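In the working numbering, the protein residues as written are -13 to 284.
Worksheet: one structure, shown below.
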Amino acid sequence: MVELRQLEHFLAVAEELHFTRAARRVNIVQSGLSSSIGALEKELGAKLFVRSTRAVRLTREGEVLLTEARRVLAAAQSARTAVAGVVSGVRGPLTIGIMQSFRRGVTDALAAFHTAHPSVDLRVVQAPTVILLDRVAGGRLDIAFACVAEPLAALEVTPLDSEPMVFACHAGHPFAARSSVTLADAAGESFVDYPPGWGARTIVDAAFTELGIRRRPACEVGDTDTLLDLIAHGLGVAVLPPSLNNRVHDGLRLIPLDPPAPIYPTAIVTPAGATSTAARILRDTVLAHQPGQPRSSA
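In structure tokens form, the structure reads like this:
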């Protein structure tokens, strides 16, 4: 039977790719670490590492186990945290992933959560949706706020918003005075866009592909303020999440898209079946801080 201790030893070697450093990391002598890895390989019936005098690298079997080991160890840590939360109150680290410009009720909820649970060490990182989902699945994030429309394997998805995206152009653009725009209208324009892997980019790419339309991204930037500034200065147009309304200035116009407009879905993402007590409380707090919901400090 595979033991958590063996997975911890495996993970240390897989991340360090060096037995001596890995042994120091898990506070065990190197011979003991080698024996533990050997026992794990025997239990699984597969070699996990290729070792030479100069290097250590994962085999294909080791690469597969790495993902599962992270998930299992994260679930075990979540279980420890959940029990500790019942015994002595919610405490410890809570790693949170968030998309750029995702502020709809989240910052208020984080402040309320911190006030109610000051012993929880909040650690917030920002990344594109594709990276956030990978980190939640791999146990490196406890909870994330991302652009997700459908259920995902190994993840629990709690929907937040689902709203039509809008067309963005500069104030002097020929479309600026329109009351609405179609995706077909925009097809020939130069686009300012987020890089591939960002939630908004994925949705817009899919919408144009479904219509059989090729478009031309002239600029790709990973910063929303820069993206809006480029559009406002006439360097391209964009199809954007509706939540950017509060960041529009005089040089930029946001115009509704005619149906069927691409939909921008946002959701709370946690590991399926392994959500920590702190993450569950934060999820409930964010839901309570959504527009139209009664406020709660829990």
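Glycine included, C-beta positions come from ideal geometry on N, C-alpha and C.
For clarity, every value in this text was computed on a predicted model and none was experimentally measured.
- Would you mind sorting GLY83 into buried or exposed? The rule is 16 or more other CB atoms within 10 Å of its CB. One-based indexing of the sequence shown puts residue 83 at position 97. With 16 or more other Cβ atoms within 10 Å, it is buried.
- If we count Cβ pairs, one from each stretch, closer than 8 Å, do we get three or more for the stretch -13 to 3 versus the stretch 24 to 42? yes
- With distances taken between CB atoms, is the gap from PHE177 to PRO203 smaller than 8 Å? Position 191 of the sequence shown, counted from the start, is the residue given in the question as residue 177. Position 217 of the sequence shown, counted from the start, is the residue given in the question as residue 203. The answer is yes: Cβ separation under 8 Å.
- Task: Could you tell me the distance, in whole angstroms, from the CA atom of THR271 to the CA atom of HIS103?
- Result: By 1-based counting over the sequence shown, the position of residue 271 is 285. By 1-based counting over the sequence shown, the position of residue 103 is 117. Computed Cα separation, rounded: 12 Å.
- Task: Indicate whether CYS133 and THR144 have their beta-carbon atoms separated by less than 8 Å.
- Result: Translated into the one-based positions of the sequence shown, residue 133 becomes position 147. Translated into the one-based positions of the sequence shown, residue 144 becomes position 158. No; because the gap between Cβ atoms is not below 8 Å, this pair is not in contact.
- Query: Who pairs with VAL122 in a beta bridge, going by DSSP?
  - Reply: As a position in the sequence shown, residue 122 is number 136, starting the count at 1. Note: VAL122 sits in no beta bridge, so no partner.
- Message: On a Cα-Cα basis, can you pick out the residue from ASP171, ARG46, ALA264 that is closest to VAL223?
- Response: Translated into positions along the sequence shown, residue 223 becomes position 237. For the residues ASP171, ARG46, ALA264, the minimum Cα distance to VAL223 belongs to ASP171.
- Message: Between VAL110, ILE217, LEU213, VAL152, which has its C-alpha nearest ALA193's C-alpha?
- Response: Walking along the sequence shown from the start, residue 193 turns up at place 207. The residue with the shortest Cα to Cα distance from ALA193 is VAL152.
- Within 8 Å, strictly: CB atoms of LEU59 and GLU1: Sequence index remark: in the sequence shown, residue 59 carries index 73 (1-based). Sequence index remark: in the sequence shown, residue 1 carries index 15 (1-based). No, the pair does not count as a contact, with Cβ atoms beyond the cut-off.
- Item | Spatially closest choice to GLY48 from ALA140, VAL(-1), VAL92, by CA coordinates | Working through the sequence shown from its first residue, we reach residue 48 at position 62. Nearest C-alpha to GLY48: VAL(-1).
- Message: Please report the distance separating the alpha-carbon of THR256 from that of ARG121.
- Response: Walking along the sequence shown from the start, residue 256 turns up at place 270. Walking along the sequence shown from the start, residue 121 turns up at place 135. Those two C-alpha atoms are separated by around 10 Å.
- Message: Judging by CA-CA distance, which residue of GLY18, ALA265, GLY259 is the nearest neighbour of ALA139?
- Response: To locate residue 139, count along the sequence shown from 1; it is residue 153. Looking at the Cα atoms, GLY259 is the closest of the given residues.
- Between the C-alpha atoms of LEU123 and ILE117, what's the straight-line distance to the nearest angstrom? Taking the sequence shown and counting its residues from 1, the one referred to as residue 123 is at position 137. Taking the sequence shown and counting its residues from 1, the one referred to as residue 117 is at position 131. Contrary to the premise, residue 123 reads as Ala rather than Leu in this sequence. Going from the Cα of ALA123 to the Cα of ILE117 covers about 10 Å.
- Out of curiosity, what's the CA-to-CA distance linking ALA62 and GLY237? Locating residue 62 in the sequence shown gives position 76, counting from the first residue. Locating residue 237 in the sequence shown gives position 251, counting from the first residue. So the alpha carbons of these two residues sit roughly 52 Å apart.
- Task: In the DSSP assignment, find the unbroken alpha helix (DSSP H) run with THR101 in it and report its ends.
- Result: For the purposes of this step, residue 101 is identified with residue 115 of the sequence shown, where counting begins at 1. 92 to 102 is the span of the alpha helix (DSSP H), which, as asked, contains THR101.
- Message: If you measure between the beta carbons of PHE131 and ILE254, is that distance less than 8 Å?
- Response: Sequence index remark: in the sequence shown, residue 131 carries index 145 (1-based). Sequence index remark: in the sequence shown, residue 254 carries index 268 (1-based). Closer than 8 Å, so yes.
- Message: If I measure Cβ to Cβ from LEU(-3) and keep anything under 8 Å in the same chain, skipping five residues before and after, which residues do I get?
- Response: Reading the sequence shown from its first residue, position 11 is the one you call residue -3. Same-chain partners within the cutoff: LEU52, ALA55, ARG56, LEU59.
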